[in-house]
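Asks:
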Amino acid sequence: MEKVRCLIIGGGPAGYTAAIYASRAALGPVLYEGMEPGGQLTTTTVVENFPSYPDGVDANALMADMRKQAVRLGADIRSGAITAADLSQRPFRLTLDSGDVIEAEALIIATGATARYLGLPSEQKFRGLGVSACATCDGFFYRRKDVAVVGGGDTACEEATYLAGICNKVYMIVRRDVLRASVAMQDKVKATPNIEILWNCNTREVLGDSSGVTGARLERKDGEVFDIAIDGFFLAIGHNPQSALFSQWVNTDAEGYIITDGRTSHTNVEGVFAAGDVQDPRYRQAITAAASGCRAALDAEKFLMQ
Ligand code: NDP
62 MEKVRCLIIG GGPAGYTAAI YASRAALGPV LYEGMEPGGQ LTTTTVVENF
112 PSYPDGVDAN ALMADMRKQA VRLGADIRSG AITAADLSQR PFRLTLDSGD
162 VIEAEALIIA TGATARYLGL PSEQKFRGLG VSACATCDGF FYRRKDVAVV
212 GGGDTACEEA TYLAGICNKV YMIVRRDVLR ASVAMQDKVK ATPNIEILWN
262 CNTREVLGDS SGVTGARLER KDGEVFDIAI DGFFLAIGHN PQSALFSQWV
312 NTDAEGYIIT DGRTSHTNVE GVFAAGDVQD PRYRQAITAA ASGCRAALDA
362 EKFLMQ
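Taken in order, the sequence shown gives residues 62 to 367; the numbers are from the working numbering.
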């Protein structure tokens, strides 16, 4: 059976950055990229808010560069996903989709999160062509245009407010007659003149043509069906952290986000560290994920030196 000192799970900004730091610390990291090498960023197009790219950078190119940097420094990056984990004792035992088992002295979980979608075929059809689950990533491309945000939580309110500063008009599509968001966020939304809340509405279909999204067909609770004209359709109905494999061992919050100790990446299991969106319900940015990957590698290094 293969034994490694530092195993990293996840091929997003957190995992690759952890691999860069762990390689430079001579921890001999092995990283499994999982089902979505490059992570959530690869579902977007251009990244304009990752520092050091004044003209923006193609999301896939950014991730490919991070990966290349980790490999150049000595990280062993492999395709494959973990299907089972036994973190009851050290070394930890992880089973791969190939059936192989690998043992690790230290484990960095950087498996990320996935945005929730409504599950409409039209939504999938226009993903990346006007349908997005990240206003901070993609909002800039809708300058002075009309867009819609689905959801009534803090994220939806925050994204609607953010988009209102860039776009001409922002519709919020809310399925009930109340917002779930905190009162402060609700007040902010209600005080923003170019946000219109469409209460009691569900999306039936995202409308579009070869140029991308052109509108959305909505159904109000009373049965009325109507269309709105928009260029961007933003989902903000929550995220699912990819923590299920580890939740038997590692403490998570009610939503499944791995709980880390204060400002560190330590989980409740000694030698297991968490980085990136799997432990971050709040910021969820490539740059914050990368920073937390750095923290996890530094914490793992300290742990392995003890
Ligand atoms: P939430 O779960 O809080 O809200 C999800 C929203 O999406 C709800 O309004 C929900 O409606 C709606 N929704 C869910 N499924 C559907 C669906 N199928 N169709 C239509 N609408 C749907 O998620 P958030 O991402 O907003 O927030 C997650 C956590 O992060 C929360 O605890 C939040 O407070 C926190 N957060 C804090 C921030 C801050 O403090 N600045 C910023 C962002 C998030 P319904 O209400 O009817 O269930």
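By construction, the Cβ of each residue, glycine as well, lies at the ideal position given by its N, Cα and C atoms. Values in this document were obtained by computation on a predicted structure and should not be read as measured data.
(1) Residues in its own chain within less than 8 Å of Leu279 by CB, not counting five upstream and five downstream?
(2) Could I get the ranges of all uninterrupted alpha helix (DSSP H) runs contained in the segment 217–282, with 4 residues as the minimum, in chain order?
(3) When we look at the beta-carbon of Asp248 and count the other beta-carbons within 10 Å, is it buried (16 or more) or exposed?
(4) Considering only their Cβ atoms, is the gap separating Cys67 from Ala136 smaller than 7 Å?
(5) Ligand 1 heavy atoms versus the CB of Arg43: any closer than 6 Å?
(6) Mind checking whether Ala176 and Asp215 have CB atoms under 7 Å apart?
(7) For a test of your reading of the model: does the CB of Pro342 fall under 6 Å from any non-hydrogen atom of ligand 1? Yes or no.
(8) Note down the Cα distance separating Asp310 from Gly317, rounded to an integer number of angstroms.
(9) Excluding the 5 residues flanking Tyr77 on each side, which residues of the same chain have their C-beta closer than 6 Å to its C-beta?
(10) The alpha helix (DSSP H) that contains Tyr93, what's its start and end?
(11) Cβ of Gln226 versus every heavy atom of ligand 1: is any distance shorter than 6 Å?
(12) Going by Cα to Cα distance, which pick from Asp292, Ala305 and Gly284 is closest to Gly273?
(13) Give me, in chain order, the residues of the same chain whose beta-carbon lies closer than 6 Å to that of Arg205; leave out the 5 immediate sequence neighbours on both sides.
(14) Can you tell which of Arg139, Leu155, His327 and Glu257 has the C-alpha that lies nearest to the C-alpha of Glu362?
(15) Between Val108 and Val91, how many whole angstroms is the CB-CB distance? I'm expecting something under 8 Å.
(16) Check whether the segment 194–201 and the segment 292–307 touch, using three or more Cβ-Cβ pairs below 8 Å as the test.
(17) Can you tell me whether Met246 is buried or exposed? The criterion is at least 16 other CB atoms within 10 Å of its CB, across all chains shown.
(18) Following the continuous alpha helix (DSSP H) through Ile348, name the residue where it begins and the one where it ends.
(19) Going by C-alpha distance, which of Val330, Asp116, Ile348 and Leu306 is nearest Thr144?
(20) Terminal residues of the continuous beta strand (DSSP E) containing Ala176?
(21) Go through its chain and collect everything with a Cβ distance to Pro98's Cβ below 6 Å, but skip five positions before and after it.
(22) Taking buried to mean at least 16 other C-beta atoms within 10 Å of its own C-beta, is Gln150 buried or exposed?
(23) Going by the DSSP bridge assignment, what does Ala209 pair with across the sheet?
(24) Whole angstroms is fine: what's the gap from Glu220's alpha carbon to Phe153's?
Replies: Working from what's here:
(1) Same-chain partners within the cutoff: Ile234, Leu259, Cys262, Asn263, Thr264, Arg265, Val286, Phe287, Asp288 and Ile289.
(2) For the segment 217–282, the full-length alpha helix (DSSP H) segments reaching 4 residues or more read 244–251 along the chain.
(3) Its Cβ having fewer than 16 others within 10 Å, Asp248 is exposed.
(4) Cys67 is positioned such that its CB atom lies no closer than 7 Å to that of Ala136.
(5) Residue 43 is absent from the structure shown; the chain starts at 62 and stops at 367.
(6) With respect to Asp215, Ala176 sits apart: the two C-beta atoms are not nearer than 7 Å.
(7) With a threshold of 6 Å, the Cβ atom of Pro342 counts as near ligand 1, since some heavy atom of the ligand is closer than that.
(8) Note that residue 310 corresponds to Trp in the displayed sequence, not to Asp. The straight-line gap from Cα to Cα measures roughly 12 Å.
(9) Apart from sequence neighbours up to five positions away, the residues of its chain that approach Tyr77 with a beta-carbon distance below 6 Å are Met127, Arg128 and Ala131, ordered along the chain.
(10) Not the alpha helix (DSSP H): Tyr93 falls in the beta strand (DSSP E), residues Val91 to Tyr93.
(11) Just to set this straight, residue 226 is Gly in the shown sequence, not Gln. Result no, Cβ not under 6 Å from ligand 1.
(12) Ranking Asp292, Ala305 and Gly284 by Cα distance to Gly273 puts Asp292 first.
(13) Only Asn229 meet the Cβ criterion.
(14) The residue with the shortest Cα to Cα distance from Glu362 is His327.
(15) About 27 Å separates the Cβ atoms of Val108 and Val91, ruling out a contact at the 8 Å cut-off.
(16) Segment contact: the segment 194–201 against the segment 292–307, three or more CB-CB distances shorter than 8 Å; contact assigned.
(17) With 16 or more other Cβ atoms within 10 Å, it is buried.
(18) First-last of the alpha helix (DSSP H) with Ile348: Ala347 to Met366.
(19) Relative to Thr144, the option among Val330, Asp116, Ile348 and Leu306 whose CA is nearest is Leu306.
(20) Taken as a continuous stretch (DSSP letters only), the beta strand (DSSP E) holding Ala176 covers Ala174 to Ala176.
(21) If we look at Pro98 and ignore the five residues flanking it on each side, its Cβ neighbours are Gly72.
(22) Exposed, because fewer than 16 other Cβ atoms sit within 10 Å of the Cβ of Gln150.
(23) Ala209 is bridged by DSSP to Tyr232 and Phe294.
(24) Cα to Cα, Glu220 sits roughly 39 Å from Phe153.
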